[in-house]
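Enquirer: Dumping the structure here so I can ask a few things about it.
Protein chains: 2
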Amino acid sequence: MAIGRTCVAKNFGEVKADVLMRIMGGEWPPGSLIPNEQDLAVEYGVARATVNRAMRELVDEGIVERKRKAGTRVRQSPVRQARIAIPLVRNEIIELGSVYRYALVRSEILVPPDWRRAQMNLKPETEVLHLVALHFADGRPYQLEDRWINLDATPTARTVDFSVVSPNEWLVTQVPFSSVEISFSATSADPEQALMLCCEPRDALFRVERQTTWQGETVTYVNLVYHRDHRMTTSY
Amino acid sequence: MAIGRTCVAKNFGEVKADVLMRIMGGEWPPGSLIPNEQDLAVEYGVARATVNRAMRELVDEGIVERKRKAGTRVRQSPVRQARIAIPLVRNEIIELGSVYRYALVRSEILVPPDWRRAQMNLKPETEVLHLVALHFADGRPYQLEDRWINLDATPTARTVDFSVVSPNEWLVTQVPFSSVEISFSATSADPEQALMLCCEPRDALFRVERQTTWQGETVTYVNLVYHRDHRMTTSY
DNA sequence: GAGTGGTCTAGACCACGCA
DNA sequence: GCGTGGTCTAGACCACTCG
Numbered sequence: 001m002a003i004g005r006t007c008v009a010k011n012f013g014e015v016k017a018d019v020l021m022r023i024m025g026g027e028w029p030p031g032s033l034i035p036n037e038q039d040l041a042v043e044y045g046v047a048r049a050t051v052n053r054a055m056r057e058l059v060d061e062g063i064v065e066r067k068r069k070a071g072t073r074v075r076q077s078p079v080r081q082a083r084i085a086i087p088l089v090r091n092e093i094i095e096l097g098s099v100y101r102y103a104l105v106r107s108e109i110l111v112p113p114d115w116r117r118a119q120m121n122l123k124p125e126t127e128v129l130h131l132v133a134l135h136f137a138d139g140r141p142y143q144l145e146d147r148w149i150n151l152d153a154t155p156t157a158r159t160v161d162f163s164v165v166s167p168n169e170w171l172v173t174q175v176p177f178s179s180v181e182i183s184f185s186a187t188s189a190d191p192e193q194a195l196m197l198c199c200e201p202r203d204a205l206f207r208v209e210r211q212t213t214w215q216g217e218t219v220t221y222v223n224l225v226y227h228r229d230h231r232m233t234t235s236y
Numbered sequence: 001m002a003i004g005r006t007c008v009a010k011n012f013g014e015v016k017a018d019v020l021m022r023i024m025g026g027e028w029p030p031g032s033l034i035p036n037e038q039d040l041a042v043e044y045g046v047a048r049a050t051v052n053r054a055m056r057e058l059v060d061e062g063i064v065e066r067k068r069k070a071g072t073r074v075r076q077s078p079v080r081q082a083r084i085a086i087p088l089v090r091n092e093i094i095e096l097g098s099v100y101r102y103a104l105v106r107s108e109i110l111v112p113p114d115w116r117r118a119q120m121n122l123k124p125e126t127e128v129l130h131l132v133a134l135h136f137a138d139g140r141p142y143q144l145e146d147r148w149i150n151l152d153a154t155p156t157a158r159t160v161d162f163s164v165v166s167p168n169e170w171l172v173t174q175v176p177f178s179s180v181e182i183s184f185s186a187t188s189a190d191p192e193q194a195l196m197l198c199c200e201p202r203d204a205l206f207r208v209e210r211q212t213t214w215q216g217e218t219v220t221y222v223n224l225v226y227h228r229d230h231r232m233t234t235s236y
């Protein structure tokens, strides 16, 4: 298909696949210009809108760049972007084929220390619910959850029994759509974390932090730590 | 707009934004059914294709789920995916406003140990180029790169002077489009890593592993480690 | 079987950005 | 100015899947 020219495609998927193959095959090297939509439409025997759909997806995947008048170019260094799935811990564990268990470690209502209040951008004297919980896979600690919930934003959290429902699962039913900032990093186990995760103090841990904002107000901040060998993986 | 009904939209962006607003406003709670494309098209005064485009993007962003015949539903637990950009280290550092410097630490051609050969899925006796390099930001070690290049797949790598060009930047010019598997995790600094990154042995490090495959053959495997406070961040 | 989303078409107009 | 991509339209047919 790639070399023979005048090949026909029936849909945008085939157009996209063929263009991609021609790029990978070296026909259109990085930085080079691809024929315009009209020409490609004629070549593939499809409507221009179909070519457009194919090319839009290639832009979305970071393969090509398009500019009006300038045309479509193969990216020099493809902006590699990974999509990472963020499942509920429960599902993450079940899909590993392990048995899931949840345990609440600590639950307290308090006015947070200044550094936490500043980080969550809360008004002074705002009360928060601070929860520490463990998620087990086959009886072994898998994830340690350290969560802070803004009680101004989610007052009903006061009355929920988090020894039964895990905070994450309850929250997704309460705060359906919001903007989220996630970050990944590494951290060293402090003595308390080491006890709960059954590792040594100072051991490396994999950390995910997530801050959820709804209408400009921080709803919850959570710090999740995993054993150091925990991997978040993705392909593209 | 959200409540008043019979509002008009001019393009798919407005349709998408309005639908999103109605979802966030609670008009269509999680799990509920959204009107079908034809009805929405009439309501917004646009063509069905326009509504379709808007809804497809909402699917793409993990906001709604669609099934033929069953219709469009607001997802129970919304966003399950984050997009992470993966820039070249050089650009990553420059965008921090820091001065970038690169240094090659070690370069050797060898037949890899069995475990590495197995991991990279190489034929026995395949030679690889093993490189260790450091990337500095403002003179301080920022990233330690430990790379293995399959010389069968990329024979020209033998003749490149990697004390001048960093392996990553050279490779993107050679192996333009390929499939990649990335994973993130934490690890503990071994004594050599500690020396190079100016930290203590056993300190937590943030690790990114990347394996690049081209036409079924592993081209390169790289292990990148950062100081533990390095964050990969994304929003949605 | 019938209703829904998935896609294609042919044509049109617009917006950007280079000359 | 003018060529390119960006989008919309109106209509059509298809494919899936639910009841």
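Chains A and B, in that order, are what the protein sequence lines are.
With full-length UniProt numbering, the residue at position 75 of the first sequence is 75, and numbering never jumps.
With full-length UniProt numbering, the residue at position 147 of the second sequence is 147, and numbering never jumps.
Note that the Cβ used here is the ideal one computed from N, Cα and C, for glycine as well.
Fair warning: this is a prediction, and the values are worked out from it, not measured in the lab.
Kindly indicate if chain A contains any beta-carbon less than 8 Å away from that of residue 81 of chain B.
Expert: Answer yes: the Cβ-Cβ gap between residue 81 of chain B and chain A drops below 8 Å somewhere.
Enquirer: When the Cα of residue 126 of chain A is compared with those of A/134, A/136, A/112 and A/139, which residue comes out closest?
Expert: The option with the nearest alpha carbon to residue 126 of chain A is A/112.
Enquirer: Count Cβ pairs between the segment 160 to 176 of chain B and the segment 185 to 200 of chain B that sit closer than 8 Å; are there 3 or more?
Expert: The segment 160 to 176 of chain B vs the segment 185 to 200 of chain B: no contact.
Enquirer: Helix, strand or coil, according to DSSP, for residue 174 of chain B in the structure here?
Expert: If DSSP states are grouped into helix, strand and coil, residue 174 of chain B belongs with the helices.
Enquirer: Output, in chain order, the set of chain A residues within a Cβ distance shorter than 9 Å of residue 100 of chain B.
Expert: In chain order: nothing, as chain A lies at least about 16 Å away.
Enquirer: How big is the Cα-Cα spacing for residue 21 of chain B and residue 37 of chain B?
Expert: In a straight line, the C-alpha of residue 21 of chain B is about 17 Å away from that of residue 37 of chain B.
Enquirer: By a C-beta neighbour count over all protein chains shown, 10 Å radius and 16 as the cutoff for buried, is residue 185 of chain A buried or exposed?
Expert: So residue 185 of chain A ends up on the buried side.
Enquirer: Would you call the segment 147 to 159 of chain B and the segment 214 to 234 of chain B in contact, with 3 or more CB pairs under 8 Å?
Expert: Yes, the segment 147 to 159 of chain B is in contact with the segment 214 to 234 of chain B.
Enquirer: For the 8 Å Cβ check, are there 3 or more pairs between the segment 191 to 206 of chain A and the segment 208 to 219 of chain B?
Expert: Result no; under three Cβ-Cβ pairs closer than 8 Å.
Enquirer: Could you have a look at residue 136 of chain A and say whether DSSP puts it in helix, strand or coil?
Expert: Strand, per DSSP.
Enquirer: Got a sec: which bits of the segment 180 to 199 of chain A sit with their beta carbon under 9 Å from any beta carbon on chain B, in order along the chain?
Expert: Within the segment 180 to 199 of chain A, the qualifying residues are 180, 181, 182, 183, 184, 185, 186, 187, 188 and 189.
Enquirer: For residue 1 of chain A, count neighbouring Cβ atoms within 10 angstroms of its own Cβ and tell me buried if that reaches 16, exposed if not.
Expert: Its pLDDT being 43, under 50, residue 1 of chain A is placed unreliably in this model, and the coordinates cannot settle the point.
Enquirer: Consult DSSP for residue 12 of chain B and reduce its assignment to one of helix, strand or coil.
Expert: Here residue 12 of chain B sits in helix by DSSP.
Enquirer: Name the chain A residues that come within less than 7 Å of residue 205 of chain B, Cβ to Cβ?
Expert: The contacting residues are 186 and 204.
Enquirer: Counting only runs that start and end within the segment 40 to 123 of chain B, where is the beta strand (DSSP E) found for 3 or more residues in a row?
Expert: Qualifying beta strand (DSSP E) stretches, in chain order: 64 to 67, 71 to 74, 81 to 86 and 100 to 110.
Enquirer: Taking just the CA atoms, how far does residue 56 of chain B sit from residue 43 of chain B?
Expert: Computed Cα separation, rounded: 18 Å.
Enquirer: Run down chain B in chain order and give the residues with a C-beta less than 7 Å from the C-beta of residue 156 of chain A.
Expert: The contacting residues do not exist; residue 156 of chain A stays about 15 Å from chain B at best.
Enquirer: For the segment 126 to 145 of chain A against the segment 96 to 108 of chain A, do three or more pairs of beta-carbon atoms, one drawn from each stretch, fall closer than 8 Å, so that the two count as touching?
Expert: Touching, yes.
Enquirer: Count Cβ pairs between the segment 52 to 68 of chain B and the segment 13 to 33 of chain B that sit closer than 8 Å; are there 3 or more?
Expert: The segment 52 to 68 of chain B vs the segment 13 to 33 of chain B: in contact.
Enquirer: Roughly how many whole angstroms lie between the Cα atoms of residue 86 of chain B and residue 72 of chain A?
Expert: Cα to Cα, the separation comes out at about 22 Å.
Enquirer: Kindly indicate if chain A contains any beta-carbon less than 8 Å away from that of residue 230 of chain B.
Expert: Yes, contact with chain A.
Enquirer: Which of the three DSSP states is assigned to residue 126 of chain B in this structure?
Expert: Coil at residue 126 of chain B, not helix or strand.
Enquirer: Taking just the CA atoms, how far does residue 235 of chain A sit from residue 107 of chain B?
Expert: Rounded to the nearest angstrom, the two C-alpha atoms are 28 Å apart.
Enquirer: If you follow the beta strand (DSSP E) that residue 211 of chain B is in, where does it begin and where does it stop?
Expert: Start and end: 204 to 214.
Enquirer: Determine, using beta carbons only, whether residue 47 of chain A comes closer than 8 Å to chain B.
Expert: So, not an interface residue.
Enquirer: Would a check of beta-carbon distances place residue 233 of chain B closer than 8 Å to chain A?
Expert: Interface residue, yes.
Enquirer: Taking the alpha-carbon positions, what's the residue 60 of chain B to residue 152 of chain A distance?
Expert: Looking at the two C-alpha atoms, the distance is approximately 32 Å.
Enquirer: Taking its Cβ as the centre, do 16 or more other Cβ atoms sit within 10 Å of residue 11 of chain B, making it buried, or is it exposed?
Expert: Its Cβ having fewer than 16 others within 10 Å, residue 11 of chain B is exposed.
Enquirer: Are residue 89 of chain B and residue 134 of chain B close, meaning C-beta to C-beta below 8 Å?
Expert: No, Cβ-Cβ distance for residue 89 of chain B and residue 134 of chain B is not below 8 Å.
Enquirer: Taking DSSP as the reference, what is the three-state secondary structure of residue 146 of chain A?
Expert: Residue 146 of chain A falls in the strand class under three-state DSSP.
Enquirer: Mind checking which residues open and close the beta strand (DSSP E) that includes residue 217 of chain A?
Expert: Residue 217 of chain A -> beta strand (DSSP E) spans 217 to 227.
Enquirer: Near residue 230 of chain B, what residues of its chain come up, given a Cβ to Cβ distance below 6 Å and the 5 sequence neighbours on each side ignored?
Expert: So the list reads 206, once near-sequence residues are dropped.
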